[in-house]
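Scroll down for the structure; my scribbles are underneath it.
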Amino acid sequence: MKGAAIKPSSHASLEPEPQALLLKELQSQEPPELEPADQQTAMPAPATEAKAQPWEVRIGVTVLAWSAAIALLYYGQMFFITVITAVIIAFLLDPVVAFFMRIRLSRGAASFLVCSLAVSLLYLAGVALVTELSGLTEELPQYSERISQLIDQTVARIDEMEKSTAAAVLPRRLRPDAPPDPATAAANAKNRRNNAAAAAKRPDSNQPFVQEVHIQTDQTPIYLFAYDYLRRVYPALLMASFVPFLVYFMLSWRDHLRVRFLSLYFGDSRDAASRGWHKIADVARAYVLGNFLLGLIVGVASAIFFASVNIPYWPLIGPVSGFLSLVPYLGLPLAILPPVIAALPVHSDPAMYLFIASVVAILHLLALNLIYPKIVGSRVHLNPLAVTIALMFWGTLWGGVGLLFAVPITAGLKAVCDSIDHLEPYGKLLGD
93 MKGAAIKPSS HASLEPEPQA LLLKELQSQE PPELEPADQQ TAMPAPATEA
143 KAQPWEVRIG VTVLAWSAAI ALLYYGQMFF ITVITAVIIA FLLDPVVAFF
193 MRIRLSRGAA SFLVCSLAVS LLYLAGVALV TELSGLTEEL PQYSERISQL
243 IDQTVARIDE MEKSTAAAVL PRRLRPDAPP DPATAAANAK NRRNNAAAAA
293 KRPDSNQPFV QEVHIQTDQT PIYLFAYDYL RRVYPALLMA SFVPFLVYFM
343 LSWRDHLRVR FLSLYFGDSR DAASRGWHKI ADVARAYVLG NFLLGLIVGV
393 ASAIFFASVN IPYWPLIGPV SGFLSLVPYL GLPLAILPPV IAALPVHSDP
443 AMYLFIASVV AILHLLALNL IYPKIVGSRV HLNPLAVTIA LMFWGTLWGG
493 VGLLFAVPIT AGLKAVCDSI DHLEPYGKLL GD
C-alpha cells in the first residue's frame, strides 16, 4: 500500500559472517605507500657501495644457523612433536567440521562436536584393545610353555646336526664319543689314586679356612619404582594432554588464523603463502588418510586369512599386522611377527609358519606396489633417496616418533618449496 512503512526482512538484519569480514579486510589491505622522502630513504644503495661479505663468513653463518636449528629441534622435541601432531589432526578433522557447518552449526560448535566424537572413538578403540589384550594375557603360560618346547626341540636338532657333522668330518679318534685308549685310561686312573692318597696324608690344619659369603641385592621399593616410571613418562603425558585443546583451537580459529597469516604477505607472496597452506593440508590428509585406508585394507585381508588358518585372536592380530606393515623398511618383518607368535599354541608344523609368512609378505608387497601409489603416491611425490635421508635424520633426532613423522614433514617442506618460486628447485630435488 502507498504510504505504508516497508518492514525490513529478517535476512537483511543479519550481521555479516566473521569469515566474510576477515576476507574483506584482507582483500582491502595493500602494501603501504611511501612518501617521496621515504622512497628516497627506502631506495637500495648502489651495488658498488655494498660490501659483499667474505665466503668464509657466509659459510660460517650458515653452519651456525643450521646447527642452532637442529639443536632446537633436538632439545625441544616434545614441544615440536606435540604441535605437529595437533596440526596433522586438525587438517584431518577440518573437512568434518566443514560438513557440520553446512548444516547450520557455527564453527566453534562444529569443532567441539568433532573433537568430542574423535575422543569418544579413540576411547572405544582403547577399550576394545584392552579387552583383547586381557584375554591374551590369560594364555601367556601356554605361549611360554610352547616357546620352551620349541627351544628344546631346536637345541636337540642342533645337537643332532653337530653329531652328524662330527661323524662325517672328524676322524674316529678325535670324536667326542670315541672310546678312550686302554693305556691312557689306566694312566689316568693311577694318577687319580695317587692324588687322592696325597690329599689324605695332608693335615687339615694347613688348609685355609674360607668363609662362605652370600650376596643379596636389596629390592627396590615399589614407590621408588613408580616414581622413576612416572618421572620418565610425565613429560610425554603432559604434552599429550595439550593435543585435544590445540586441535580444538586450531579448528575453531581456523579462518581467523588463516586470514591473519595471509595478512603478513602482500601481492605474489600472499598467493604463494595461500598455495602453500592448501598444499600442506592436502599432503597431510593424503598421507595420513591414505596410510590409514591402506592399513585397514591389509588388516582386514590379513584378519580373514588368519581366521581361515585358525590363528587365535585374529580380530586383533589382523589389524596389528596390517598397520605394522606400513612402517618404513621394517614393515615386512614386523607384520610377520604377530601372526607367527599367535600361532604357537595351535600349529606345530614348520610348513604352516612358512605359509603364514609367505601370505603376509604377498599382502604387504601387493599393498605397497599396487594400492599405495594410487592412494598416497599420487599426492606425496618424494623420491626414495629423499625418503631414506629423511628417515635417518628425523629418526636420529626424535627416535621412533621421528620415523613416523619423517615422510609427512618432508612432504610438507616440498609443498612449501613448490609454492615459492625461488625455492622451487629444492622441491624438484625432493620430488620423484
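Number 339 in my numbering belongs to position 247 of the sequence shown; there are no gaps in the numbering.
Heads up, the beta-carbon is just placed ideally off N, CA and C, and yes, glycines get one too.
Predicted, not measured: the structure shown is a model, and the values here were computed from it.
- [ ] List in chain order: all unbroken alpha helix (DSSP H) runs of 4+ residues lying wholly within the region 321 to 357.
- [x] 346 to 354
Task: Among 374, 411 and 434, the one whose alpha carbon lies nearest that of residue 184 - done: In the sequence shown, residue 184 corresponds to position 92, counting from 1. With distances taken between Cα atoms, residue 184 lies closest to 374.
Task: Buried versus exposed call for residue 396 [16 or more other C-beta atoms within 10 Å across all chains shown] - done: Residue numbering aside, residue 396 sits at position 304 when the sequence shown is read from its first letter. Residue 396 should be labelled exposed.
TODO: Would you give the residue range spanned by the alpha helix (DSSP H) that residue 245 belongs to?
DONE: As a working mapping, residue 245 is identified with position 153 in the sequence shown. 232 to 261 is the span of the alpha helix (DSSP H), which, as asked, contains residue 245.
TODO: Could you tell me whether the region 363 to 381 touches the region 455 to 464, where touching means 3 or more Cβ pairs closer than 8 angstroms?
DONE: no
Open item on the list: Please state the DSSP three-state secondary structure of residue 421.
Closed with: Walking along the sequence shown from the start, residue 421 turns up at place 329. Looking at residue 421 - three-state DSSP - the assignment turns out to be coil, as it is neither helix nor strand.
Open item on the list: Let me confirm a value: residue 257 is counted as buried when at least 16 other C-beta atoms fall within 10 Å, else exposed. Which label applies?
Closed with: Position 165 of the sequence shown, counted from the first residue, corresponds to residue 257. Result: exposed.
Open item on the list: Between 483, 210, 460 and 434, which has its C-alpha nearest residue 239's C-alpha?
Closed with: On the sequence shown, residue 239 is found 147 positions in, with the first residue counted as 1. Closest by C-alpha distance to residue 239, out of 483, 210, 460 and 434, is 434.
Open item on the list: With a threshold of 6 angstroms on Cβ separation, who are the neighbours of residue 475 within its own chain once the five nearest residues in sequence on each side are excluded?
Closed with: Looking up residue 475 in the sequence shown gives position 383. If we look at residue 475 and ignore the five residues flanking it on each side, its Cβ neighbours are 524.
TODO: Assign residue 342 to one of two classes, buried (16 or more other C-beta atoms within 10 Å of its C-beta) or exposed (fewer than that).
DONE: Counted from its first residue, the sequence shown places residue 342 at position 250. Residue 342 should be labelled buried.
Open item on the list: With distance defined between alpha-carbon atoms, name the residue in 431, 439 and 405 nearest to residue 224.
Closed with: Mapped onto the sequence shown, residue 224 falls at position 132. When only C-alpha atoms are compared, the closest one is 405.
Task: Range covered by the alpha helix (DSSP H) that runs through residue 173 - done: Taking the sequence shown and counting its residues from 1, one reaches residue 173 at position 81. From DSSP, the alpha helix (DSSP H) with residue 173 extends over 169 to 193.
Open item on the list: Whole angstroms are fine: how far does the CA of residue 250 sit from the CA of residue 188?
Closed with: Counted from its first residue, the sequence shown places residue 188 at position 96. Counted from its first residue, the sequence shown places residue 250 at position 158. Rounded to whole angstroms, residue 188 to residue 250 spans 59 angstroms at the Cα level.
TODO: Could you tell me whether the Cβ atoms of residue 339 and residue 181 are closer together than 9 angstroms?
DONE: Here residue 339 refers to the residue found at position 247 when the sequence shown is read from its first residue. Here residue 181 refers to the residue found at position 89 when the sequence shown is read from its first residue. Residue 339 places its beta carbon less than 9 angstroms from that of residue 181.
Open item on the list: Quick check on the DSSP output: what are the complete alpha helix (DSSP H) runs of length 4 or more inside the region 449 to 492, in order along the chain?
Closed with: Every alpha helix (DSSP H) of 4 residues or more that sits fully in the region 449 to 492 is shown, in chain order, as 476 to 490.
TODO: Would you kindly work out how many angstroms separate the C-alpha atoms of residue 521 and residue 426, rounded to a whole number?
DONE: Along the sequence shown, one-based indexing puts residue 521 at 429. Along the sequence shown, one-based indexing puts residue 426 at 334. Distance between the alpha carbons of residue 521 and residue 426: 31 angstroms.
Task: residue 246 versus residue 436: straight-line alpha-carbon distance, rounded - done: The residue labelled residue 246 in the question sits at position 154 within the sequence shown. The residue labelled residue 436 in the question sits at position 344 within the sequence shown. Straight-line Cα distance between these residues: approximately 14 angstroms.
Open item on the list: Please classify residue 467 as buried or exposed, where buried requires at least 16 other C-beta atoms within 10 Å of its C-beta.
Closed with: Within the sequence shown, the letter at position 375 stands for residue 467. Residue 467 is buried by the Cβ-count criterion.
Task: Best match in 409, 186 and 214 for proximity to residue 201 [C-alpha to C-alpha] - done: The residue given as residue 201 occupies position 109 in the sequence shown. Checking every option, the nearest Cα to that of residue 201 belongs to 186.
Open item on the list: Under DSSP, the alpha helix (DSSP H) around residue 364 begins and ends at which residues?
Closed with: If you number the sequence shown from 1, residue 364 lands on position 272. Residue 364 -> alpha helix (DSSP H) spans 360 to 400.
Task: For residue 429 and residue 356, the rounded distance between their alpha carbons - done: For this step, residue 356 is matched to residue 264 along the sequence shown. For this step, residue 429 is matched to residue 337 along the sequence shown. Roughly 51 angstroms between the two C-alpha positions.
Task: CA nearest to the CA of residue 492, picked from 173, 280 and 146 - done: Position 400 of the sequence shown holds residue 492. The option with the nearest alpha carbon to residue 492 is 173.
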